[in-house]
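Undergrad: FYI, the numbering for the sequence shown is 386 to 1011, going by the numbering used here. No residue lacks a Cβ here, since even glycine has one placed at the ideal position from N, Cα and C. Because the structure is a prediction, the values reported are computed rather than measured. Quick one: the structure is below, questions incoming.
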Amino acid sequence: MNKNNPITLIVLDSIDIHPKKCNDIMLWSDHKQLDDDKVFSLTQIVEENAEHFKYEYLSFIHGLGEVVVGNKKTLEHLKLQDGFSFWWTTLLVEKSNIAKSIQINNAIKLLAFKYWFDKNSYNKILLYSHNSKLVESMAMFCRDADIQFDIAKDLKVGKTTQIYKKLYKYFPDFIQSMGWLLWKIISIWPLIGVGVDKWNNSKSKITFLSPLLNLDKNSAKEGVFKSNYWPILPSLLKTHNLHSNWIHMYSETSNLSNATRAKNVINKYNNSKNGIETHTTVCSFISTSIVYKVILNLIRLSYIKFKIRKSIIVKSGAFWPLIESDFNNSFSGIDATRNLLYMGLFEKVFSNLTRQEKGFYLQENQGWECTFIQAWRKSKHNNCLIAVPHTPIKFWDLRRFLDKKSYMSAYKSLLPLPDYIGVNSEISKNMHLKSGYLNDRLIELEALRYMHLNHFSNCLQNGLNLTKSIVLVLGDYSKENTFLQMEFLLHSLKYVDTPIQYLIKPHPLTPILSKDYPNIDLVITNKPIYEIINCCQLVYASSTTSSSVDAYCLGVPVVTVVNPKTLNTSPLRGCKDAIFVDSSKGLAKVLNNVRKMKTNPKQGKDFLYISSDIHRWKKLFGIIDH
């Protein structure tokens, strides 16, 4: 190639910039809207080859664990206990691309970019981006490919951060971790010892690990445990005189604003007259010896990190800048400290508990879940530990998947897996099978969080103009996604010629105010979806909200806006009749056809296992209806 007169590809990550179209342009964070053979969209390339890039990334992560340093693999260096490698708790393995590890989506795009770039002829890349990590990564890619690289000089790389966060980041990882550990101990202090004696003396043979979230407040006041994660299960167990142990994960972000309130709730549950349940929290078992061991293991991890870092960098290549933060946090940061703490706590939780026949936990495949599984195994409880995904499995939720080689070498690599996964749909079951999970390790169970979909309520018509079509707008927990969603809607109105009123249900964490959208005919509601869905002809949702599942299962057409900066993480991706749009004009086209859309009540039965008698769960517990 002629480097004196290079053929330049513009890579455009900042969508607010519009360079001259004299060169080919690769859109890193936007969809291609026009039929222009000089413009390409990386997001669309990813979606067209989704299976390939998904499993290529899984293979890449698996390979990091197999890197040999000295005479041992990475995961072997990280054996902090017999039969358990801390490797499986790391952010690298967790792959939380939806919440924690925001650069993973860029890593997958980089895989796609390399795939596409190798088929084309360019010898220079000009990058427009504010993302310093992407700049580093692309510079390394160009260096390895022996092509010219430049970044637009008028762009400021990086983003502003609050001053106190900047100051906090100046401290070494170890100091940050010690600060977090101290704060954690102080914040949960009232919970120490709460319910521990009852737990250790419990004769129950069934254990549930559950977040102390989504509790029914009125029931809690009466000392009755009722959670939206397990809606009818506790009462079912009580009815059939099946005793149960409940170990709760208390979170400072829960609706219980402090540990004292959590303590009072736990005590009310334990003092209930029925006496059939035992309740405590994981944090109740904290002790000086556990904290001491956390600090020693953190020092040990810091040494291992130093030992393997260079080899991991070499193996990662151009991907290193995109995973560096997760690597550091996993071995010497707050995430490492949190997982070490849980490793010690769960070991204490199960050490004195009578041998359990069955165990259940809500599965999200967070790193700490591996420490729970390990503690269950170490205490030699029965081989009937069941992971229960409480929402439908999303194709692009990478936490849910591992490279197939991980399962084939499960014994050698010390991979902590539950004995069974309680899949809640055929879609979820097939996704697990396709990823290499064994069929005999999958159990079909009803989706407990969606049992309310068995019942419709009369539509609440307050404020609605039923002479117009009603579109239900489901807000997102993310401010960015909610803003994008509403901007799409606002810009689509100039192309919409049918009368529509918008019934908006904001996410509790991200309010939507009518004063901010004076040009939209809207009504704001906080009512449950099943109470308002009957008067709606269409549901409009973001690609990350799980609320779209409710609407879909109730048979109402759902249109989803896809954020081009990320991947299509909608739970409805790949579902029959699900509609996706990536432009305001595309949304307007759907809205103009709203009167022609028809409901399909049967699609919910195909999407989730939902039955009012929950016969699958009953069978699991040996409950026979008379």
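For the putative contact between residue 667 and residue 719, defined by C-beta atoms under 8 angstroms, what is the C-beta separation to the nearest angstrom?
TA: For the purposes of this step, residue 667 is taken as residue 282 along the sequence shown, with counting starting at 1. For the purposes of this step, residue 719 is taken as residue 334 along the sequence shown, with counting starting at 1. Not confirmed; about 17 angstroms, so no contact.
Undergrad: Checking 9 angstroms against the spacing of the C-beta atoms, do residue 600 and residue 835 come in under that value?
TA: Translated into positions along the sequence shown, residue 600 becomes position 215. Translated into positions along the sequence shown, residue 835 becomes position 450. No, the Cβ-Cβ distance between residue 600 and residue 835 is not below 9 angstroms.
Undergrad: Could you give the distance in angstroms between the alpha-carbon of residue 990 and the alpha-carbon of residue 938?
TA: Stepping through the sequence shown from its first residue, residue 990 is reached at position 605. Stepping through the sequence shown from its first residue, residue 938 is reached at position 553. Going from the Cα of residue 990 to the Cα of residue 938 covers about 7 angstroms.
Undergrad: Measuring straight from C-alpha to C-alpha, what distance separates residue 522 and residue 703?
TA: Along the sequence shown, one-based indexing puts residue 522 at 137. Along the sequence shown, one-based indexing puts residue 703 at 318. Their Cα atoms are separated by approximately 5 angstroms.
Undergrad: Do you know how far the Cα of residue 665 is from the Cα of residue 570?
TA: As a first step, residue 570 is located in the sequence shown; it is residue number 185 there, counting from the start. As a first step, residue 665 is located in the sequence shown; it is residue number 280 there, counting from the start. Each residue's alpha carbon lies about 17 angstroms from the other.
Undergrad: Checking the sheet assignment: what are the DSSP bridge partners for residue 630?
TA: As a first step, residue 630 must be located in the sequence shown, where it is residue number 245. According to DSSP, which records beta bridges pairwise, residue 630 is partnered with 592, 663.
Undergrad: Between residue 871 and residue 897, is the Cβ-Cβ spacing less than 9 angstroms?
TA: Here the question's residue 871 lines up with position 486 in the sequence shown. Here the question's residue 897 lines up with position 512 in the sequence shown. Taking 9 angstroms as the Cβ cut-off, residue 871 and residue 897 qualify as a contacting pair.
Undergrad: With distances taken from CA atoms, which of 859, 739, 964 is nearest residue 586?
TA: Residue numbering aside, residue 586 sits at position 201 when the sequence shown is read from its first letter. Of 859, 739, 964, the residue nearest in Cα terms is 739.
Undergrad: So for residue 536, helix, strand or coil by DSSP?
TA: Taking the sequence shown and counting its residues from 1, one reaches residue 536 at position 151. The answer is strand: DSSP assigns residue 536 an E or B state.
Undergrad: Applying the criterion that 16 or more other CB atoms from any shown protein chain within 10 Å of the CB defines a buried residue, is residue 755 buried or exposed?
TA: Sequence index remark: in the sequence shown, residue 755 carries index 370 (1-based). Burial call: buried.
Undergrad: I'd like to confirm the pairing. Which residues does DSSP put opposite residue 926 in its beta bridges?
TA: Against the sequence shown, residue 926 aligns to sequence position 541. Residue 926 is bridged to 859, 945.
Undergrad: Tell me which same chain residues have a C-beta within less than 6 angstroms of the C-beta of residue 474, skipping the five on either side of it?
TA: Locating residue 474 in the sequence shown gives position 89, counting from the first residue. Taken in chain order, the residues that qualify are 724, 752, 755.
Undergrad: Given a cut-off of 9 angstroms, decide if residue 717 and residue 692 are closer than it, judged by their beta-carbon atoms.
TA: Indexing the sequence shown from 1 puts residue 692 at position 307. Indexing the sequence shown from 1 puts residue 717 at position 332. Taking 9 angstroms as the Cβ cut-off, residue 692 and residue 717 do not qualify as a contacting pair.
Undergrad: Keeping to the same chain, check which residues put their C-beta closer than 7 angstroms to that of residue 481; ignore five residues upstream and five downstream.
TA: What you label residue 481 is simply residue 96 of the sequence shown in a count that begins at 1. Contacts found: 784.
Undergrad: Within the continuous beta strand (DSSP E) that includes residue 529, where are the two ends?
TA: As a working note, residue 529 is residue 144 in the sequence shown. No beta strand (DSSP E) contains residue 529, which is instead part of the alpha helix (DSSP H) from 517 to 530.
Undergrad: In whole angstroms, give me the CA-to-CA distance for residue 808 and residue 995.
TA: Counting from one through the sequence shown, the residue named residue 808 turns up at place 423. Counting from one through the sequence shown, the residue named residue 995 turns up at place 610. So the two alpha carbons sit approximately 12 angstroms from each other.
Undergrad: Quick one: is residue 929 buried, meaning 16 or more other Cβ sit within 10 Å of its Cβ, or exposed?
TA: Within the sequence shown, residue 929 is the residue found at index 544, counting from 1. Under this definition residue 929 is a buried residue.
Undergrad: If you draw a straight line from the C-alpha of residue 914 to the C-alpha of residue 940, how long is it?
TA: In the sequence shown, the residue the question calls residue 914 occupies position 529. In the sequence shown, the residue the question calls residue 940 occupies position 555. Taking the straight line from one Cα to the other gives about 12 angstroms.
Undergrad: Would you give the residue range spanned by the beta strand (DSSP E) that residue 393 belongs to?
TA: By 1-based counting over the sequence shown, the position of residue 393 is 8. Here the beta strand (DSSP E) through residue 393 covers 393 to 397.
Undergrad: Which word fits residue 656, buried or exposed, when buried means at least 16 other C-beta atoms lie within 10 angstroms of its C-beta?
TA: Residue numbering aside, residue 656 sits at position 271 when the sequence shown is read from its first letter. The residue in question, residue 656, is exposed, as its Cβ has fewer than 16 Cβ neighbours within 10 Å.
Undergrad: Using the C-alpha atoms, what's the distance from residue 561 back to residue 549?
TA: Translated into the one-based positions of the sequence shown, residue 549 becomes position 164. Translated into the one-based positions of the sequence shown, residue 561 becomes position 176. Confidence at residue 549 is low in this model, with a pLDDT of 47, below 50, so its placement is unreliable and the value that follows should be read with caution. So the alpha carbons of these two residues sit roughly 13 angstroms apart.
Undergrad: Could you pull out every residue in the same chain whose Cβ sits closer than 6 angstroms to the Cβ of residue 890, ignoring the five residues on either side in sequence?
TA: Locating residue 890 in the sequence shown gives position 505, where the first residue counts as 1. Cβ within range, chain order: 859, 910.
Undergrad: To the nearest angstrom, how far is it from the Cα of residue 395 to the Cα of residue 747?
TA: One-based indexing of the sequence shown puts residue 395 at position 10. One-based indexing of the sequence shown puts residue 747 at position 362. Between residue 395 and residue 747, the C-alpha separation is close to 45 angstroms.
Undergrad: Please confirm if the segment 441 to 455 is in contact with the segment 416 to 433, defined as three or more CB-CB distances below 8 angstroms between the two stretches.
TA: Cβ pair count under 8 angstroms is below three, so no.
Undergrad: In chain order, which alpha helix (DSSP H) runs of at least 4 residues are fully inside the segment 454 to 512?
TA: Listed in chain order, the complete alpha helix (DSSP H) runs (minimum 4 residues) inside the segment 454 to 512 are 459 to 462, 476 to 479, 489 to 502.
Undergrad: Could you tell me if residue 459 is buried or exposed, where buried requires 16 or more neighbouring beta carbons within 10 angstroms of its beta carbon?
TA: Working through the sequence shown from its first residue, we reach residue 459 at position 74. By the neighbour-count rule (16 or more Cβ atoms within 10 Å), residue 459 is buried.
Undergrad: Suppose only complete runs of 4+ residues qualify. What are the alpha helix (DSSP H) ranges in the segment 866 to 934, listed by chain order?
TA: Entirely contained in the segment 866 to 934, the alpha helix (DSSP H) runs reaching 4 residues are, in chain order, 914 to 917.
Undergrad: Whole angstroms is fine: what's the gap from residue 979's alpha carbon to residue 853's?
TA: Looking up residue 979 in the sequence shown gives position 594. Looking up residue 853 in the sequence shown gives position 468. Their backbone Cα atoms lie some 11 angstroms apart in a straight line.
Undergrad: With a CB to CB cut of under 8 angstroms and the five nearest residues on each side skipped, what residues in its chain are close to residue 998?
TA: Within the sequence shown, residue 998 is the residue found at index 613, counting from 1. Counting only Cβ-Cβ distances below 8 angstroms, and skipping sequence neighbours, we find 1010.
Undergrad: On the DSSP bridge list, what partners appear for residue 745?
TA: Here residue 745 is taken as the residue at index 360 of the sequence shown, counted from 1. For residue 745, which the question treats as bridged, DSSP gives the partners 593, 771.
Undergrad: Find the nearest neighbour of residue 392 within the set 502, 477, 417, judged by alpha-carbon distance.
TA: Counting from 1 along the sequence shown, the entry for residue 392 is found at position 7. Residue 502 is the option with its Cα nearest to residue 392.
Undergrad: In the structure shown, what three-state DSSP assignment does residue 964 receive?
TA: Translated into the one-based positions of the sequence shown, residue 964 becomes position 579. Note: residue 964 maps to strand in three-state DSSP.
Undergrad: What does DSSP give as the partner residue(s) for residue 940 in the beta ladder?
TA: Position 555 of the sequence shown, counting from 1, holds the residue named residue 940. DSSP output for residue 940 lists no bridge partner at all.
Undergrad: Helix, strand or coil: how does DSSP classify residue 811 here?
TA: Taking the sequence shown and counting its residues from 1, the one referred to as residue 811 is at position 426. Of the three classes helix, strand and coil, the one that applies to residue 811 here is helix, per DSSP.
Undergrad: If we ignore side chains and look at the alpha-carbon of each, how far apart do residue 547 and residue 556 end up?
TA: The residue you call residue 547 lines up with position 162 of the sequence shown. The residue you call residue 556 lines up with position 171 of the sequence shown. Low confidence applies here, because residue 547 scores a pLDDT of 48, under 50, leaving its location unreliable and the question unanswered by this model.
Undergrad: Helix or strand or just coil, what does DSSP make of residue 411?
TA: As a position in the sequence shown, residue 411 is number 26, starting the count at 1. The answer is strand: DSSP assigns residue 411 an E or B state.
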